[in-house]
Amino acid sequence: MAMKLHTKAQSAMEYLMTYGWAILIISVVLASLFSLGVFNAGSALSTTCLPLAGYTCTSPLLHSGTLYITVGQATGISWTNTVYYYDPVGTTGCSLAAFSASGTTVVNSVWNGMTLASGFSNTIDMLGDTTVFPSSPASGASYSGTIWASYNSAGLSNLCVQVATISLKAV
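Residue numbering for the sequence shown follows the working numbering, beginning at 1 and increasing consecutively.
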(Lines of atoms letter the chains of each structure in order from A and count residues from 1; the text may use other names and numbers.)
(Lines give C-alpha, C1' and ligand atoms only; values in the text may rest on other atoms or scores of the structure.)
Protein backbone atom coordinates (compact mmCIF):
# COMPACT_ATOMS: atom_id res chain seq x y z
CA MET A 1 0.00 0.00 0.00
CA ALA A 2 2.85 2.36 0.80
CA MET A 3 4.29 1.76 -2.67
CA LYS A 4 1.04 2.78 -4.37
CA LEU A 5 0.77 5.96 -2.29
CA HIS A 6 4.39 6.86 -3.11
CA THR A 7 3.70 6.41 -6.86
CA LYS A 8 0.62 8.66 -6.67
CA ALA A 9 2.54 11.34 -4.81
CA GLN A 10 5.37 11.24 -7.32
CA SER A 11 2.91 11.46 -10.20
CA ALA A 12 1.15 14.43 -8.60
CA MET A 13 4.47 16.18 -7.97
CA GLU A 14 5.58 15.69 -11.60
CA TYR A 15 2.21 17.05 -12.78
CA LEU A 16 2.53 20.16 -10.61
CA MET A 17 6.15 20.77 -11.61
CA THR A 18 5.45 20.43 -15.34
CA TYR A 19 2.49 22.79 -15.27
CA GLY A 20 4.25 25.07 -12.79
CA TRP A 21 7.16 25.64 -15.17
CA ALA A 22 4.76 26.23 -18.07
CA ILE A 23 2.76 28.79 -16.05
CA LEU A 24 5.98 30.49 -14.93
CA ILE A 25 7.24 30.81 -18.54
CA ILE A 26 3.89 32.16 -19.75
CA SER A 27 3.87 34.68 -16.89
CA VAL A 28 7.36 35.92 -17.77
CA VAL A 29 6.43 36.30 -21.46
CA LEU A 30 3.22 38.19 -20.61
CA ALA A 31 5.07 40.47 -18.20
CA SER A 32 7.69 41.21 -20.87
CA LEU A 33 5.02 42.02 -23.47
CA PHE A 34 3.18 44.22 -21.00
CA SER A 35 6.35 46.15 -20.14
CA LEU A 36 7.00 46.71 -23.87
CA GLY A 37 3.55 48.30 -24.25
CA VAL A 38 2.07 45.64 -26.52
CA PHE A 39 -1.20 45.72 -24.59
CA ASN A 40 -1.40 49.52 -24.56
CA ALA A 41 -4.24 50.64 -26.86
CA GLY A 42 -2.49 53.94 -27.57
CA SER A 43 0.52 52.20 -29.08
CA ALA A 44 -1.69 50.64 -31.76
CA LEU A 45 -2.61 54.10 -33.03
CA SER A 46 0.59 54.84 -34.86
CA THR A 47 1.35 56.91 -37.89
CA THR A 48 -0.03 55.20 -40.98
CA CYS A 49 -0.78 56.04 -44.58
CA LEU A 50 -3.33 53.95 -46.45
CA PRO A 51 -3.17 54.64 -50.20
CA LEU A 52 -6.06 53.98 -52.54
CA ALA A 53 -5.56 51.56 -55.44
CA GLY A 54 -3.09 52.92 -57.99
CA TYR A 55 -1.34 55.24 -55.54
CA THR A 56 1.50 55.00 -53.07
CA CYS A 57 1.91 56.70 -49.74
CA THR A 58 4.83 56.09 -47.41
CA SER A 59 6.82 57.63 -44.60
CA PRO A 60 4.38 60.20 -43.21
CA LEU A 61 5.99 62.36 -40.55
CA LEU A 62 4.51 65.35 -38.74
CA HIS A 63 7.23 67.54 -37.27
CA SER A 64 7.12 71.19 -36.18
CA GLY A 65 3.91 71.94 -38.06
CA THR A 66 5.03 70.38 -41.35
CA LEU A 67 3.82 67.10 -42.84
CA TYR A 68 6.54 65.23 -44.72
CA ILE A 69 5.24 62.41 -46.89
CA THR A 70 6.19 60.39 -49.98
CA VAL A 71 3.32 60.00 -52.45
CA GLY A 72 3.22 58.53 -55.92
CA GLN A 73 0.96 57.17 -58.57
CA ALA A 74 0.80 54.22 -60.95
CA THR A 75 -2.26 55.13 -63.00
CA GLY A 76 -0.62 54.75 -66.41
CA ILE A 77 -0.61 58.49 -67.18
CA SER A 78 1.78 61.31 -66.37
CA TRP A 79 0.62 64.17 -64.16
CA THR A 80 1.72 67.76 -64.68
CA ASN A 81 1.24 70.80 -62.43
CA THR A 82 0.60 68.48 -59.50
CA VAL A 83 -0.62 70.05 -56.28
CA TYR A 84 -1.19 68.01 -53.11
CA TYR A 85 -3.66 68.89 -50.38
CA TYR A 86 -4.17 67.65 -46.84
CA ASP A 87 -7.79 67.67 -45.76
CA PRO A 88 -8.36 67.08 -42.04
CA VAL A 89 -12.15 66.97 -42.40
CA GLY A 90 -12.73 64.65 -45.37
CA THR A 91 -14.22 67.22 -47.75
CA THR A 92 -14.44 66.25 -51.40
CA GLY A 93 -12.97 68.48 -54.06
CA CYS A 94 -9.51 69.77 -54.78
CA SER A 95 -9.81 73.47 -55.42
CA LEU A 96 -8.64 76.04 -52.93
CA ALA A 97 -12.16 77.50 -52.92
CA ALA A 98 -13.76 74.12 -52.14
CA PHE A 99 -11.42 73.49 -49.24
CA SER A 100 -11.68 77.04 -47.90
CA ALA A 101 -15.49 77.00 -48.10
CA SER A 102 -15.59 73.88 -45.98
CA GLY A 103 -13.47 75.45 -43.26
CA THR A 104 -10.45 73.24 -43.90
CA THR A 105 -6.95 74.42 -44.61
CA VAL A 106 -5.17 73.66 -47.84
CA VAL A 107 -1.53 72.78 -47.71
CA ASN A 108 0.34 72.82 -50.96
CA SER A 109 3.38 70.97 -52.21
CA VAL A 110 6.40 72.44 -53.91
CA TRP A 111 5.82 70.34 -57.03
CA ASN A 112 3.81 72.92 -59.01
CA GLY A 113 4.86 72.72 -62.65
CA MET A 114 6.60 69.39 -62.15
CA THR A 115 5.70 66.18 -63.93
CA LEU A 116 4.96 63.01 -61.97
CA ALA A 117 5.23 60.04 -64.33
CA SER A 118 3.27 56.89 -63.66
CA GLY A 119 5.18 54.52 -61.40
CA PHE A 120 7.14 57.28 -59.67
CA SER A 121 6.78 59.09 -56.37
CA ASN A 122 7.83 62.37 -54.80
CA THR A 123 8.68 63.29 -51.25
CA ILE A 124 6.82 66.46 -50.39
CA ASP A 125 6.48 68.71 -47.41
CA MET A 126 3.13 70.26 -46.59
CA LEU A 127 3.07 73.28 -44.34
CA GLY A 128 -0.33 73.95 -42.83
CA ASP A 129 -1.58 76.80 -40.74
CA THR A 130 -1.60 76.45 -36.97
CA THR A 131 -5.22 75.22 -36.88
CA VAL A 132 -4.28 72.13 -38.89
CA PHE A 133 -0.72 71.38 -37.74
CA PRO A 134 0.41 73.41 -34.73
CA SER A 135 4.02 74.53 -35.00
CA SER A 136 4.68 72.90 -31.62
CA PRO A 137 2.20 70.02 -31.33
CA ALA A 138 2.15 68.00 -28.14
CA SER A 139 4.23 64.88 -28.50
CA GLY A 140 1.91 62.02 -29.38
CA ALA A 141 -0.97 64.28 -30.48
CA SER A 142 -3.08 62.53 -33.12
CA TYR A 143 -4.24 63.90 -36.47
CA SER A 144 -6.09 62.23 -39.31
CA GLY A 145 -7.31 63.22 -42.74
CA THR A 146 -6.96 62.61 -46.45
CA ILE A 147 -4.36 63.46 -49.08
CA TRP A 148 -5.73 64.78 -52.38
CA ALA A 149 -3.95 65.53 -55.65
CA SER A 150 -4.95 68.06 -58.27
CA TYR A 151 -3.19 67.69 -61.61
CA ASN A 152 -3.32 68.16 -65.37
CA SER A 153 -3.02 65.29 -67.83
CA ALA A 154 -3.45 64.71 -71.57
CA GLY A 155 -5.01 68.09 -72.27
CA LEU A 156 -7.34 67.92 -69.25
CA SER A 157 -6.80 70.34 -66.40
CA ASN A 158 -7.73 70.48 -62.74
CA LEU A 159 -8.31 66.75 -62.37
CA CYS A 160 -8.81 65.73 -58.77
CA VAL A 161 -8.27 62.45 -56.95
CA GLN A 162 -8.04 61.23 -53.38
CA VAL A 163 -4.65 59.57 -52.98
CA ALA A 164 -4.62 58.29 -49.38
CA THR A 165 -6.02 58.39 -45.88
CA ILE A 166 -3.52 59.13 -43.15
CA SER A 167 -3.35 58.91 -39.39
CA LEU A 168 -0.53 60.82 -37.73
CA LYS A 169 1.12 61.13 -34.36
CA ALA A 170 3.25 64.18 -33.75
CA VAL A 171 6.89 63.61 -32.81
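For glycine and all other residues, C-beta sits at the position ideal for the given N, C-alpha and C.
In this text the structure is predicted, and so the values were computed from the model without any measurement.
Only exposed fits Y68, as fewer than 16 other CB atoms lie within 10 angstroms of its CB. Between the C-alpha atoms of I26 and L168 there is a straight-line separation of about 34 Å. Between Y15 and P88, the CB-CB gap reaches or exceeds 8 Å. Restricting attention to I124, N122, A117, the CA atom closest to the CA of A154 is found in A117.
In the DSSP assignment, A149 falls within the beta strand (DSSP E) that extends over 142-153. Contact annotation: G140 and I166 have beta-carbon atoms that are not nearer than 8 Å. Per DSSP, L36 is not a residue of any beta strand (DSSP E), being assigned neither H nor E. Between the alpha carbons of Y19 and F39 lies a distance of about 25 Å. Sorting S78, A22, Y151, M126 by C-alpha distance to the C-alpha of T66 places M126 at the top. A distance below 6 Å between beta-carbons, with the five flanking residues on each side excluded, links T75 to the following residues of its chain, in chain order: G54, S118.
Short of 7 Å from the beta carbon of F120, and not among the five residues preceding or following it, lie these beta carbons of its own chain, in chain order: G72. Judged by their CB atoms, Y151 and T80 are nearer to each other than the 8 Å cut-off.
In this model, V163 and A149 are separated by some 7 Å (Cα to Cα).
L36 has its alpha-carbon roughly 12 Å from the corresponding atom of V28. DSSP places L30 in the helix class (H, G or I) of the three-state scheme. In the three-state scheme derived from DSSP, where H, G and I count as helix and E and B as strand, S11 is classed as helix. Between Y85 and I124, the C-beta gap is not smaller than 8 Å, which leaves the two residues out of contact.
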